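Residue numbers (the working numbering), protein chains in the order written: chain Y, 156 to 305; chain S, 156 to 305.
Just so it is clear, CB atoms sit at the ideal spot from N, CA and C, and this is done for glycine as well.
As the structure is a computational prediction, the values presented were derived from the model and not from experiment.
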DNA sequence: AGGACGAAAGTCAAAGAAAGACTAATTTGA
DNA sequence: TCAAATTAGTCTTTCTTTGACTTTCGTCCT
C-alpha cells in the first residue's frame, strides 16, 4: 500500500459512514494530498468504477464538486443481472472479476470468506493456461449460477 | 553455498522475524546484491515455492512490491497436509476434489456455502477444456493456499 | 441580456515505476 | 560429458503519476 492512490482510495472510503453517497472537491483533495487534480480523477475512475459498485456524478465550474455513490444491489436482482452481463462476454480479466466479487461481498450477497475463495479460484496463478480470460468467464459464470440457486 | 542465489535466499529468510509474511522490492534487492532483477525472481520461484512452504504475491507499477508469506501449519493441521498431497499430483478429478471439499466442510474447516462455491468453480461444466484435471488440480491448490492463509 | 472572467472538473497522452516473461549464456555436479 | 542449476539481459505488461489542454458552470459587469 505504498502508493498514494491506495491511500486516497481509503481516505475517500472513510467518508461513507452509513450514508451511501458522498460529495467531495477534486481540487481540495488534490491539495490535501499534494498531488495533481487528475490524480484524484484517476483514483475515482479506477477505484470507484461501476464494476466495483459505484457511480460518479460531477458538476464543473464555480462551486462544482464530485459525488460518489454506492450502487446497492440485492441478491435477487443483482445476481441475475451480473450473470447476464458475464454471459455476454467472451472473456473476463481477473481484475474485473475481482471487482465484481468484492462488490458482492460489500453488498452482503456473499461473505468475505466466500469472496476470498472465488478470487483464489479465478486468480492468474490458478488459471495459468492459454485463453485464461475465456476460461475465467466460464468459471465465474458457474459460480454465479450456483449462487443464484441457493 | 557459495552461489549468490543461496545467499539471497538466506537474506530474505532473515527478514521473517516472528511475522510469517514479508514485503520486499525486487529492484532494491537486485541492486543491493548487484545482480539483475530477474535473479531475484529466480530465487523467489525456486526457493519460495509452495512445496517449500511459501506463497508469493506481487503488484506491479509505481509502489509495487512482492510479498512472501510462509504457509504455517503444524503436523496435526489438515490443510497443509492436503495441500502437500495435492501439489504432488499432476491431475485431479472432480470426484476426488469434491470429496475432499466435502470433508473440509464436514470438519468445519469451511462452511457449506464455501464448499458449494468450490464445487462450482471446479465442476466439469466450469472446466470444459482439454486437460481439465490438470487445471483443476491447480485451482484446487490455490484455493487451499488461500484457506491456509486466513 | 450578453460577454468576460475565473473556478471547477474532464480528457488524454506521455513519462515513470515496478514486476513478469522469455531467452541466452554460463557454471556446476554427478 | 552432459543435464540441471544458476546468472544475466532484455523486452513486455501493468499500474501510477504528472502535466497540458479543454469544457462547463457561475458570477459579475456593462
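query, result
"Selection of the region 248-279 of chain S by Cβ proximity to chain Y, strictly under 9 Å", "265, 266, 268, 269, 271, 272, 273, 274, 275, 276, 277 and 278"
"Buried/exposed call for residue 187(S), threshold 16 Cβ in 10 Å", "exposed"
"Minimum length 3: unbroken beta strand (DSSP E) runs contained in the region 193-233 of chain S", "209-214 and 220-225"
"Interface residues of chain Y facing residue 220(S) [CB-CB closer than 9 Å]", "157"
"Alpha-carbon to alpha-carbon, residue 288(S) and residue 198(Y)", "40 Å"
"Which residues DSSP lists as bridging residue 179(S), in chain order", "221(S)"
"Interface flag, residue 298(Y) vs chain S, CB-CB below 9 Å", "yes"
"N- and C-terminal bounds of the alpha helix (DSSP H) containing residue 294(Y)", "287-303"
"Pairwise C-alpha distance: residue 196(Y) and residue 286(S)", "44 Å"
"Nonlocal neighbours in the same chain, by C-beta distance under 7 Å from residue 234(S), ignoring five residues either side", "228, 264, 299, 302 and 303"
"Interface partners of residue 305(S) on chain Y, CB under 8 Å", "268 and 271"
"Residue-level contact to chain S via CB, residue 306(Y), 9 Å cutoff", "The structure shown does not extend to residue 306(Y), since chain Y is modelled only from 156 through 305, so no value can be given for it."
"CB contact flag (residue 179(Y), residue 204(Y), <9 Å)", "no"
"Residue-chain proximity (residue 290(S), chain Y), Cβ-Cβ < 9 Å", "yes"
"Check whether residue 268(S) and residue 266(Y) have beta carbons under 9 Å apart", "yes"
"Cut-off 7 Å between Cβ atoms - residues of its own chain near residue 259(S), not counting five sequence neighbours on either side", "265 and 270"
"From 305(Y), 291(Y) and 200(Y), residue whose alpha carbon lies closest to that of residue 224(Y)", "200(Y)"
"Best match in 171(S), 194(S), 183(S) and 296(S) for proximity to residue 158(S) [C-alpha to C-alpha]", "194(S)"
"Buried versus exposed, by CB contacts within 10 Å (16 or more), residue 170(S)", "exposed"
"Beta-carbon contacts of residue 294(Y) that lie in its chain and below 7 Å, excluding the five residues immediately before and after", "276 and 277"
"N- and C-terminal bounds of the alpha helix (DSSP H) containing residue 250(S)", "249-261"
"9 Å Cβ cutoff, residue 294(S) in contact with chain Y", "yes"
"Among 166(Y), 173(Y) and 297(Y), nearest to residue 184(Y) - alpha-carbon criterion", "166(Y)"
"Alpha-carbon to alpha-carbon, residue 245(S) and residue 163(Y)", "44 Å"
"Straight-line Cα distance separating residue 213(Y) from residue 208(S)", "49 Å"
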